[in-house]
Amino acid sequence: MKIQAVRGMQDLLPDRRERYRYIEDTARGVLHGHGYREIGLPLLESTGLFERLVGKTTDIVEKEMYTFDERGGDSVTLRPEGTAGCVRAALENGLLFNQTHRLWYSGAMFRYERPQKGRYRQFEQIGIECFGMTGPDIDVEILRIMHRILEELGVRDQVQLEINTMGDAASRAAYRDALVDFFAGRETELDEDSRRRLTTNPLRILDSKVESTRALVEAAPRLWDFVDQDSKDHFETLRRHLDRAQLPYVINPYIVRGLDYYNKTVFEFTTDALGAQGTVCGGGRYDGLVEELGGRATPAVGFAMGLDRLALLLEDRFEPQASADVYIASMGEDPRMAALLLADEIRAREPSLKVMVHCGDGKFKSQLKKADASGAMLALILGEDEVEGNRVTLKKLRVQSEQTSVDRAEIANHVQRFFATAN
Ligand code: HAM
1209 MKIQAVRGMQ DLLPDRRERY RYIEDTARGV LHGHGYREIG LPLLESTGLF
1259 ERLVGKTTDI VEKEMYTFDE RGGDSVTLRP EGTAGCVRAA LENGLLFNQT
1309 HRLWYSGAMF RYERPQKGRY RQFEQIGIEC FGMTGPDIDV EILRIMHRIL
1359 EELGVRDQVQ LEINTMGDAA SRAAYRDALV DFFAGRETEL DEDSRRRLTT
1409 NPLRILDSKV ESTRALVEAA PRLWDFVDQD SKDHFETLRR HLDRAQLPYV
1459 INPYIVRGLD YYNKTVFEFT TDALGAQGTV CGGGRYDGLV EELGGRATPA
1509 VGFAMGLDRL ALLLEDRFEP QASADVYIAS MGEDPRMAAL LLADEIRARE
1559 PSLKVMVHCG DGKFKSQLKK ADASGAMLAL ILGEDEVEGN RVTLKKLRVQ
1609 SEQTSVDRAE IANHVQRFFA TAN
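The opening position of the sequence shown corresponds to residue 1209 in the working numbering, with each subsequent residue numbered one higher.
As structure tokens, this is what we get:
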């Protein structure tokens, strides 16, 4: 039987991986500039963590987790998201006692979803989690951070910010009851998924994309009418801040998010450019989560962006990078050794340069073809004659020019000057 990648798991070939790296570097730069510190978290957590924090009746916990028993018999789960693990780590390591923290993480998450463009079973997120600040100033800060990252990536105009408020736990519970009352007796008009959610997670019905259900949702009670005054004030202040910062947004009363832990501010950055999987970033406040895990009440807010979706947005804007700047061709044992030493010398002189040494057989003609394909600007050629005469032959690859012969002692200087004037 032919063995292939597991469904929903992607190979990121170098051109694509470079795009991910570019997004990571951009995000890291912006986060660094705002005083955020990176935290490393395990891929594997106790299953109970997600059941307790993400919510037993969410799609994620009900049907999307990669869960298995360890040899000792404990149930563990490949993290489907990063917030629960970050809260656990912060609590377990005593970070939450009268302190504020601005943390970020990146890495793979796992959800057993139906794969399609922009939706995978292993996907990458960059997430941030802020602890100890009640907002809404910090809520605004993280929205501005995401805005800035999108701007630096050059996709700001393709993405819009949608915000909503969930109120506190009591408003949410009251709203839940109101929804159940409203849909009771109208079950037959609901699609199958929504009918199931009526008993498990009625708020998620608001997310339905099914036309007939959407029509019903339009007529359903509004979350805003159940939101407590404190949350309303919080939301209005947030809006004033956003207006002042000239950060455009729309209010979407149907954003409830797929995880159970949110209160007050919730938001998503969405795009029309990716079809059905248009949410590139989602987040909000989760002031009750630390307490839920046994800690002291600690205000918290965060978001996570999907690298796979951002990378799709960047697809046609990104020129694959050359794998080499300088390619060294050589033939024969001594010249090959000399080529390896020369490469190190150039790398030491100019660490930003990518210097590739031809390995394996091949006539100079085919080696130079490889040099050309590598994207290098310069080829250096070392044959027996060059080694004996203490010289290196140099060929500029991107312009019409003759080969030149350079003194071996001068070659590193020569290369350095070439790239200094080329840039
Ligand atoms: P989430 O909305 O479930 O939130 O995921 C955040 C982002 O991850 C989504 O907007 C999307 O871009 C990406 N994503 C999710 N599932 C997939 C998938 N199957 N394939 C590709 N990309 C995907 C969270 O995970 C929360 N932990 C965010 C958060 C942090 N809230 C507060 N702090």
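Note that the Cβ used here is the ideal one computed from N, Cα and C, for glycine as well.
Going by DSSP in three states, residue i sits in which element: helix, strand or coil?
| i | result |
| --- | --- |
| I1619 | helix |
| G1216 | coil |
| K1571 | coil |
| D1491 | According to the sequence provided, residue 1491 is Gly. The question's Asp does not apply to it. Here G1491 sits in strand by DSSP. |
| M1317 | strand |
| H1566 | coil |
| F1646 | Residue 1646 lies beyond the range of the chain shown here (1209 to 1631); nothing can be said about it. |
| G1510 | strand |
| L1406 | helix |
| G1335 | strand |
| H1242 | coil |
| D1438 | helix |
| D1451 | helix |
| E1360 | helix |
| T1396 | helix |
| R1279 | coil |
| K1472 | strand |
| R1310 | strand |
| E1253 | strand |
| E1370 | strand |
| I1637 | In the structure as shown, the chain starts at 1209 and stops at 1631, and residue 1637 therefore has no counterpart that could be examined. |
| L1286 | strand |
| F1477 | strand |
| Q1330 | strand |
Are the CB atoms of residue j and residue i within a distance shorter than 8 Å?
| i | j | result |
| --- | --- | --- |
| F1391 | L1398 | yes |
| N1471 | D1385 | no |
| L1605 | A1584 | yes |
| L1414 | V1474 | no |
| D1516 | Y1328 | yes |
| Q1333 | M1317 | yes |
| Q1624 | E1523 | no |
| G1466 | I1268 | yes |
| R1394 | L1424 | yes |
| R1224 | A1519 | yes |
| V1238 | E1360 | yes |
| F1627 | L1561 | yes |
| L1576 | L1588 | no |
| Q1366 | A1481 | yes |
| G1483 | K1325 | yes |
Looking at C-alpha atoms only, which residue of the options is the closest neighbour of residue i?
| i | options | result |
| --- | --- | --- |
| M1564 | Y1274, W1312, A1628, K1578 | K1578 |
| R1245 | V1269, V1284, W1312 | W1312 |
| S1502 | F1305, E1226, V1269, E1278 | The residue asked about is misnamed: residue 1502 is Gly in this sequence, not Ser. Nearest of F1305, E1226, V1269, E1278 to G1502, Cα basis: F1305. |
| F1526 | A1213, R1227, G1510, G1237 | R1227 |
| N1621 | L1576, G1568, V1607, I1554 | I1554 |
| G1597 | D1542, G1570, F1627 | D1542 |
| D1347 | G1490, Q1333, E1400 | G1490 |
| H1442 | T1407, K1417, P1222, M1341 | M1341 |
| E1370 | A1587, R1225, Y1457 | Y1457 |
| F1331 | T1478, R1287, A1297 | R1287 |
| L1358 | F1511, D1580, I1231, E1592 | I1231 |
| T1478 | D1451, Q1368, P1528, K1210 | Q1368 |
| T1265 | T1234, F1572, L1561, T1408 | T1408 |
| H1449 | I1211, Q1608, D1345 | D1345 |
| H1242 | K1325, I1536, H1309 | H1309 |
| F1572 | A1213, Y1535, R1279, I1459 | Y1535 |
| E1278 | E1270, E1253, S1609 | E1253 |
Once the 5 residues before and after residue i are set aside, which same chain residues still bring their CB inside 7 Å of it?
| i | result |
| --- | --- |
| L1497 | L1261, V1295, Y1469, A1508 |
| R1599 | S1613, V1614, D1615, R1616 |
| R1352 | A1453, L1455 |
| P1461 | N1372, R1430, L1431, W1432 |
| L1249 | G1290, G1293, C1294, A1297, Y1313 |
| Q1529 | E1226 |
| V1595 | D1542, P1543, A1546 |
| F1434 | G1375, S1379, A1382, Y1383, A1386 |
Near residue i, which residues of its chain fall below 6 Å by C-beta distance, leaving aside the five closest residues on each side in sequence?
| i | result |
| --- | --- |
| I1247 | L1311, Y1313 |
| S1538 | R1544, A1547, L1590 |
| R1364 | L1358 |
Which one or two residues does DSSP pair with residue i in a beta bridge?
| i | result |
| --- | --- |
| S1613 | T1601 |
| C1294 | Beta-bridge pairing links C1294 to no other residue. |
| I1589 | A1537, T1601 |
Quick one: residues in its chain with C-beta nearer than 8 Å to the C-beta of residue i, no 5 flanking neighbours on either side, listed in chain order?
| i | result |
| --- | --- |
| T1255 | M1273, T1275, S1283, V1284, T1285 |
| P1410 | R1384, L1387, V1388, F1391 |
| G1343 | H1442, L1446, K1472, T1473, R1493, P1507, V1509 |
| P1323 | R1215, G1216, R1329 |
| V1418 | D1399, D1401, S1402 |
| R1504 | L1304, F1305, V1498 |
| G1315 | L1249, L1251, G1290, E1332, Q1333 |
| T1421 | E1397, L1398, D1399, S1402, I1413 |
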